[in-house]
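These notes are about the structure you will find just below.
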Amino acid sequence: MKTILLIEDNNDIRENTCELLELEGYKVILALNGKSGLALAREYLPDLVLCDIMMPEANGYEVLNELQANVSTRFIPFIFLTASAEKKEVNVGLEMGASGYIRKPFDPKELFDAITKCFNDATL
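Position in the sequence shown counted from 1, then plus 28, gives you the working numbering.
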């Protein structure tokens, strides 16, 4: 069973996304902000991180930078979740090394397609 760390400060989005992931057979670890997400990523070494961008205590860009700077978390696939539709933000995230970018609100198929792509790319 693959483990996904979901870092999201919005309760409704966090709970709904967690439920979707669990129904698909993933083990989900939840973090309410970037700082706690970083600690959980180091502790559990999840197979994938789904992370909001705009959050308290550490934003998504800071989380990605910190994970990439740590030898034990550097290669964990990382997908940004955001309400922003700015193409510039998408490009910044991808240039930083994110594996994907999903705009909220998202369709469950879009979420699972992005996750599947990350896991397939990781096995190449």
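Every residue, glycine too, gets a C-beta built ideally from N, C-alpha and C.
Environment of residue i [buried if 16+ CB atoms lie within 10 Å]
i, result
"T144", "exposed"
"R42", "buried"
"D80", "buried"
"S127", "buried"
"Y129", "buried"
"E36", "buried"
"L109", "buried"
"A97", "exposed"
"M83", "buried"
Which of helix, strand or coil DSSP assigns to residue i
i, result
"K55", "strand"
"I81", "coil"
"T110", "strand"
"R102", "coil"
N-terminal and C-terminal residue of the alpha helix (DSSP H) that residue i is part of
i, result
"L33", "No alpha helix (DSSP H) contains L33, which is instead part of the beta strand (DSSP E) from 31 to 35."
"G121", "115 to 124"
Of the listed residues the options, nearest to residue i (C-alpha basis)
i, options, result
"G53", "A59, L60, T45", "T45"
"N93", "I35, E47, G125, K137", "G125"
"A142", "F106, D37, N39, Y72", "F106"
"D135", "G65, N87, A67, L48", "L48"
"E85", "Y72, D75, N98, A59", "A59"
Bounding residues of the beta strand (DSSP E) (the contiguous stretch that carries residue i)
i, result
"G62", "First-last for G62: 62 to 72, but that is the alpha helix (DSSP H), not the beta strand (DSSP E)."
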